[in-house]
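Data first, discussion second: the structure below is written as structure tokens.
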Amino acid sequence: MSRPRGWIGVAAFVIVAAIAALFVNAALVDAETHAAIARDGGTVITTDVVPANVLIEGEGPAIVLIHGFGAALDWWDAVAPDLARDHRVIRLDLIGHGGTEAPERGYSIERQAALVTALLDAQQVQRFTVIGHSMGGEVATAVAEARPDRVAGVVLIDTPPTAAVDFNTVTQFYMSPVIGPLLSRFVTASTRRRALAQAFTPGFAVPEAFVADLAQLTYTAAVGAHDESVAFRDARPLDQRLAALQPIPPLQAIFGNLDAIVPATEARRYETVPGASVTIIDGVGHSPMVEAPEKTLALIRAFLKRTIADATHQPS
668 MSRPRGWIGV AAFVIVAAIA ALFVNAALVD AETHAAIARD GGTVITTDVV PANVLIEGEG
728 PAIVLIHGFG AALDWWDAVA PDLARDHRVI RLDLIGHGGT EAPERGYSIE RQAALVTALL
788 DAQQVQRFTV IGHSMGGEVA TAVAEARPDR VAGVVLIDTP PTAAVDFNTV TQFYMSPVIG
848 PLLSRFVTAS TRRRALAQAF TPGFAVPEAF VADLAQLTYT AAVGAHDESV AFRDARPLDQ
908 RLAALQPIPP LQAIFGNLDA IVPATEARRY ETVPGASVTI IDGVGHSPMV EAPEKTLALI
968 RAFLKRTIAD ATHQPS
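Under my numbering, think of the first position of the sequence shown as 668, with each following residue one higher.
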């Protein structure tokens, strides 16, 4: 009779030990950080928010390019050089992304926006157009909320106005509070590639540089950025935030009709913002500036030309 009790005791011990190991691992993963490093041609600039990896190119009216969740400034490589022909193009890695410092906490959209404005202040940029992709559009919106007087225009690329976001199974498991930290220890390049595939149309070859960008993201940064992104949209939809600004900045929303993360129908919410223009590109997924850079550039340049013309005809 003692043997079954012995086995029960061993089994109970193993279960308790396994659970304890999961929580210890979660605590260790949650404490992971990394210092700022220069990468993708950028330079580390110290701010009162965090040290950030920044790439500045060209001369002319300023444009700020803000990447999305799990990405980095190289996601703009297909459009930034063209814009830099006649603009001062400022790209940065958001907090915890790319080469920018990854702290233990402090991933709110408002803090990401504070980093953007701190960098612009450091470069003595007073007026600028802000362009954000996906979560980067939330940061762009927060920048406009913080400094509406300095924003010449806002371009949102596949940025969800509400919490209507559908991540694939790989990403959902990764974000779970206990299983996620354990999975983070065993994530391979192949797994990251599958997670990133949702940001493009089926069959699109995910650039290896983007896989490396995602590998740079600590678990703390991933969960922090994700949760704060959801909280920002839950607190108030982006279309309502932009419509409430004084003055309301010119707005261009660009969506791919095959977006597997944010339904393209969500783009229509931005039409409620006075003066907004909404364009849906056929045959493109969540990342038009990567999949269809020429079409995306044409829309951005038309928007820039229109905002300059509108500003010129404003009464003095």
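We put the beta carbon where it would ideally sit given N, CA and C, even for glycine. All figures in this text were calculated on a predicted structure; none of them were measured in a lab.
query, result
"Ends of the beta strand (DSSP E) at Thr946?", "Ser944 to Ile948"
"Report the residue from Gln793, Gly891 and Arg860 whose alpha carbon sits nearest the alpha carbon of Gly870.", "Arg860"
"Looking only at its chain, what residues have a beta carbon closer than 6 Å to the beta carbon of Asp760, apart from the 5 residues adjacent to it on each side?", "Asn720, Ala739, Leu740, Gly766 and Thr767"
"Out of Phe795, Ala892, Thr796 and Val822, state which residue places its alpha-carbon closest to the alpha-carbon of Ala934.", "Val822"
"Just how far apart, CA to CA, sit Phe736 and Asp880?", "10 Å"
"Here's the rule I'm using: 16 or more other beta-carbon atoms within 10 Å means buried, otherwise exposed. How should Glu726 be labelled?", "exposed"
"What is the rounded straight-line gap between the Cα of Tyr988 and the Cα of Ile824?", "One cannot answer for residue 988 here, as it falls past the ends of the chain, which runs 668 to 983."
"What are the start and end residues of the alpha helix (DSSP H) that includes Val890?", "Tyr886 to Ala902"
"What do you reckon, are the CB atoms on Pro914 and Pro815 nearer than 8 Å?", "yes"
"Nearest CA to the CA of Ala911: which residue from Ala811, Arg794, Gln791 and Thr796?", "Ala811"
"Would you give the residue range spanned by the beta strand (DSSP E) that Arg755 belongs to?", "Arg755 to Leu759"
"Distance check for Gly709 and Thr939, CA to CA, integer angstroms please.", "37 Å"
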